[in-house]
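Chains as they are written, first to last, in full-length UniProt numbering: chain C, 1 to 401; chain G, 1 to 401.
C-beta: ideal position from N, C-alpha, C; glycine also.
There are 2 protein chains.
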Amino acid sequence: MSAYHPLTEAEAIEYARKLPDLFAPGSELSSREIGDGNLNLVFHISEPSSGKSIILKQALPYAKVVGESWPLTLDRARIESEALLIQESLCPKLVPHVHVYEPELALTVMQDLSDHVIMRKGLIEGQRYPLFAGHIATFLARTLFFTSDLGLNQQEKKERVKRFINPELCKITEDLIFDDPYTDSPNNNVPPAIRDAVEAVWQDNELHVEVAILRDKFLTKAQSLLHGDLHTGSIFIKADSTKVIDPEFAYYGPMGFDIGAVIANLLLNFAAQEGLSLDSASRRDYRDYLTGTIRDIWTKFEAEFRALWNEHGVDRMFRTPGFADYYLQEVLRDTVGFAGSKMVRRIHGLAQVADINQLQDEAARERAQRIALAIGTALIKSNRSVTSIDQLIETADKAVL
Amino acid sequence: MSAYHPLTEAEAIEYARKLPDLFAPGSELSSREIGDGNLNLVFHISEPSSGKSIILKQALPYAKVVGESWPLTLDRARIESEALLIQESLCPKLVPHVHVYEPELALTVMQDLSDHVIMRKGLIEGQRYPLFAGHIATFLARTLFFTSDLGLNQQEKKERVKRFINPELCKITEDLIFDDPYTDSPNNNVPPAIRDAVEAVWQDNELHVEVAILRDKFLTKAQSLLHGDLHTGSIFIKADSTKVIDPEFAYYGPMGFDIGAVIANLLLNFAAQEGLSLDSASRRDYRDYLTGTIRDIWTKFEAEFRALWNEHGVDRMFRTPGFADYYLQEVLRDTVGFAGSKMVRRIHGLAQVADINQLQDEAARERAQRIALAIGTALIKSNRSVTSIDQLIETADKAVL
């Protein structure tokens with residue numbers, strides 16, 4: 001079974017049976033393939049007699065998006081498993097445990113999280129997760145600090161940059177987030193009802209300059225080992241637990257790209273409340289829950305990051321009084337700019353979000369799309385002058401006045 | 001001869017004799033070891049009968065600076081030869097030609113440039129090089145543009161970043177340029193006469209914040225493949241030819257670090273005119289030659305860089321009107337900041353410069369050191385607000401009023 005080939009369910013069971021210390025010898029195992037088949041096979045292997053289960057995730061040598069298929073490196077399975085192991089070493093409770101990584105098969109054996117739900121689904125259903133802000137702030141603070149030149153031996157960090165050079169998956173981001181949405185590209189899916197607003201985005205030179213600056217940062221700012229795709233579909237959640245999954249886009253990039261991804265996806269749900277909420281009072285209430293979560297994420301992130309810096313900073317010059325204030329203001333600005341870019345691409349780009357797209361009421365969907373575009377473009381334009389997370393929240397609130 | 005060991009002169013001749021198409025079979029060859037023995041062996045191999053000659057440069061597995069010795073990777077010979085080959089492909093006349101690179105021996109066979117002089121020596125002797133500004137501007141514009149995300153396929157650029165991860169040599173820069181000069185480090189060589197000015201540098205928090213920002217850029221801004229050590233001792237020159245040598249510090253970093261290095265070393269000579277010039281009229285005249293050269297370097301660099309961008313830019317978003325202006329202003333600001341850092345470390349850091357240190361008149365030497373420190377610290381402090389190269393030149397001129 002050692003040469004690469006996509007596993008069958010029978011082979012997945014056979015493979016799982018041979019793993020040490022997981023299942024009872026000879027016991028019956030069942031397998032269900034639960035992936036969406038676009039990028040990976042995902043086998044859910046369970047042992048009914050004990051209730052134990054695991055996930056086998058195998059990378060496919062191609063990507064399928066809206067019917068098209070293009071080759072995609074299997075090396076992303078190595079990058080994903082190595083990133084997961086680093087994240088687990090830094091925040092053990094906030095990622096799935098990796099049992100085994102099998103390079104030949106591009107296969108990762110990991111903890112089953114079936115008792116969690118995908119956060120995007122939970123938010124669409126109107127669930128609230130009071131512990132989420134603290135969990136994700138810890139994930140962001142610890143993974144971004146301890147992989148950066150602030151918290152990691154700076155020569156070791158350079159070797160990490162090398163291991164996480166990820167050209168093919170970065171190119172997806174470069175195209176779909178930092179290019180296509182700003183021109184009439186065949187990769188876009190423009191909702192006809194908002195074509196006027198989309199064309200305004202295509203023609204806005206001031207906006208394009210800011211997007212070019214953000215694109216340049218994505219290409220060159222090797223600050224921390226990022227998750228690289230940290231939307232609410234990459235987060236498994238339940239009341240008392242948050243697990244960040246799927247870091248196959250991991251590479252060394254700007255911290256604000258990960259923080260901005262989380263915030264953008266909360267704001268997309270904020271926009272979608274046009275159709276998700278049943279009345280204006282509950283809409284206002286849920287939106288306040290979302291913006292309160294955003295404020296908490298930034299505030300807790302900043303506090304935890306500063307505490308880590310004080311306790312574990314490796315760099316003498318970086319302890320200069322005043323430098324941390326400058327540094328965190330730059331991270332905030334990047335966060336705001338990347339949050340805006342992540343919102344815009346989800347409205348008329350290739351890959352959109354269920355929060356908005358599943359709205360049945362066409363008028364509500366259109367309002368949600370216009371609100372998201374308004375917030376996204378305003379965040380992009382203001383990113384280099386922002387000084388407080390409150391300004392981001394004001395921008396969101398103003399868009400639904 | 002294949003396993004690594006430092007070559008003897010006899011072995012160097014034997015090796016050179018076997019190179020194809022260089023020397024006549026059986027002809028007499030002579031060898032002279034002309035390196036300073038601190039980092040590399042440098043054999044000058046010549047064939048008296050024809051006048052032909054070549055250089056064999058072999059990396060030593062250690063570095064010796066002021067008596068101390070520490071191990072240093074032989075991989076730097078690979079980095080140097082690969083960087084030379086890339087530079088030669090972009091500006092064939094501006095670097096020595098590489099005949100052969102022999103990985104096992106950490107050995108590079110290259111063009112002999114004995115008909116050139118080291119530029120630092122030429123400047124100390126009061127020579128002028130009217131073609132230099134154009135030559136170095138072309139070297140900077142072409143090497144920095146075509147290795148960046150502006151002028152190189154962006155996925156290929158990422159593979160280049162990986163090949164030029166250079167932890168050990170970067171650490172030398174991180175320590176000696178961006179740390180030691182700002183604290184009472186045992187690595188410094190503080191001239192007793194200017195101890196008061198050096199202590200002011202150690203206590204200047206505003207300065208340290210700016211140095212921390214520049215240090216962070218050196219660590220994280222993977223913009224272009226840099227030479228990495230582009231002082232006037234890394235430039236061979238004669239009236240009609242400029243050759244940039246010794247790129248063993250090559251890595252992906254901020255463009256302004258290379259441009260700033262050239263400018264800093266012209267400004268160190270500017271300061272040294274306190275003792276090098278015989279009278280105030282010739283002093284003013286040579287200083288005007290140096291600042292005119294600096295203005296020409298920036299102006300020609302910017303013009304050539306913009307022309308390359310217009311003709312060979314690979315990135316659609318980066319053609320947004322206004323982005324190039326933003327980008328080049330940032331490069332200028334980095335240039336000013338790094339020029340300042342490169343000056344300060346040469347006054348009381350570990351490695352100093354002959355322009356100043358060989359001055360016999362103690363009062364002139366002290367004045368030169370104080371001028372260089374004043375210019376360097378002023379450039380560092382002003383770097384983030386500069387909008388024109390004239391401001392840098394005004395800073396220099398003001399320091400000698």
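Only residues of its own chain outside the window of five on either side were considered, and among them Phe23, Ala24 and Ser27 have a CB closer than 8 Å to the CB of G/Ser50, listed in chain order.
In the three-state DSSP reduction, G/Val201 falls in the helix class (H, G or I). A contact between stretches requires three or more CB pairs, one per stretch, nearer than 8 Å, and the region 245-262 of chain C meets this requirement with the region 331-343 of chain C. Below the 9 Å Cβ cutoff, chain G contributes no neighbours of C/Arg142, its closest Cβ being approximately 19 Å away. For C/His312, the enclosing alpha helix (DSSP H) starts and ends at Ser280 to His312. The beta carbon of G/Ile213 sits closer than 9 Å to some beta carbon of chain C. Collapsing the DSSP output to three states places G/Gly35 in coil.
When DSSP states are grouped into helix, strand and coil, C/Lys243 belongs to the strand group.
For C/Arg316, the chain G residues whose C-beta falls within less than 8 Å of its own C-beta are Asp179 and Thr183, listed in chain order. Within chain G, the C-beta atoms nearer than 9 Å to that of C/Tyr326 come from Val209, Ala212 and Ile213, in chain order. Around the Cβ of C/Thr108, a 10 Å sphere holds 16 or more other Cβ atoms; the residue is buried. Contact between the region 122-139 of chain G and the region 235-243 of chain G is present: 3 or more CB-CB pairs across the two stretches fall below 8 Å. Taking 9 Å as the CB threshold, C/Gly376 stays off the interface with chain G. The beta carbon of C/Gln58 sits closer than 7 Å to the beta carbons of Pro6, Leu7, Asn40, Leu41, Leu105, Ala106 and Leu107 from its chain, once the five residues preceding and following it are set aside; these are given in chain order.
Neighbourhood of C/Asp285 in chain G, by CB distance below 9 Å: empty, with the nearest CB roughly 39 Å away. Its chain contains Val161 and Tyr252 as the residues whose beta carbon lies nearer than 6 Å to that of C/Ala222, once the 5 sequence neighbours on both sides are disregarded; these appear in chain order. For G/Gln391, there is no enclosing beta strand (DSSP E); the residue is found in the alpha helix (DSSP H) stretching over Ile389 to Ala399. Contact check for G/Phe318 against C/Asp216 passes: the beta carbons are separated by less than 9 Å. Secondary structure at G/Tyr182: helix, using DSSP grouped into helix, strand and coil. Within a 10 Å sphere around the beta-carbon of C/Asp246 sit 16 or more other beta-carbons, which makes this residue buried. Distance check between G/Gln273 and each of G/Thr220, G/His312, G/Gln360 and G/Asp325 places G/Gln360 closest, using alpha-carbon atoms only. Taken through DSSP and simplified to helix, strand or coil, C/Tyr327 comes out as helix. For G/Ala222, at least one C-beta of chain C is nearer than 9 Å to its own C-beta.
When the beta-carbon positions are compared, G/Asp180 and G/Gly349 come within less than 9 Å of each other. At a cut-off of 9 Å between beta-carbon atoms, C/Gly349 makes no contact with chain G. In summary, the residues of the region 126-155 of chain C whose CB is separated from some CB of chain G by less than 7 Å are Asp149, Gln154 and Gln155, in the order they occur in the chain. Taking a Cβ-Cβ threshold of 9 Å, none of the residues of chain C is close to G/Gly233; the smallest such distance is about 25 Å. Residues Gln369, Ala372 and Leu373 of the same chain have their beta carbon placed closer than 6 Å to that of C/Ile347, with the five preceding and five following residues left out of the count. When the five nearest sequence neighbours on each side are left out, the beta carbons in the same chain lying within less than 8 Å of the beta carbon of G/Glu210 are those of Gly337, Ile380, Lys381, Asn383 and Arg384, in order along the chain. With fewer than three CB-CB distances shorter than 8 Å, the region 226-239 of chain G does not count as touching the region 226-238 of chain C. Per DSSP, G/Ile375 lies in no beta strand (DSSP E); the unbroken alpha helix (DSSP H) holding it starts and ends at Glu362 to Ser382.
Contact of C/Thr293 with chain G is not assigned, every C-beta pair being separated by 9 Å or more. When the beta-carbon positions are compared, C/Leu225 and C/Thr147 come within less than 9 Å of each other. For G/Phe323, the C-beta contacts it makes with chain C under 7 Å involve Val209 and Ala212, in order along the chain.
With contacts defined by Cβ atoms closer than 9 Å, C/Val386 and C/Arg306 do not form a contacting pair. The beta carbon of G/Tyr4 is closer than 8 Å to those of Pro61, Leu74, Glu104, Leu105 and Ala106 in its chain, skipping five residues each way along the sequence.
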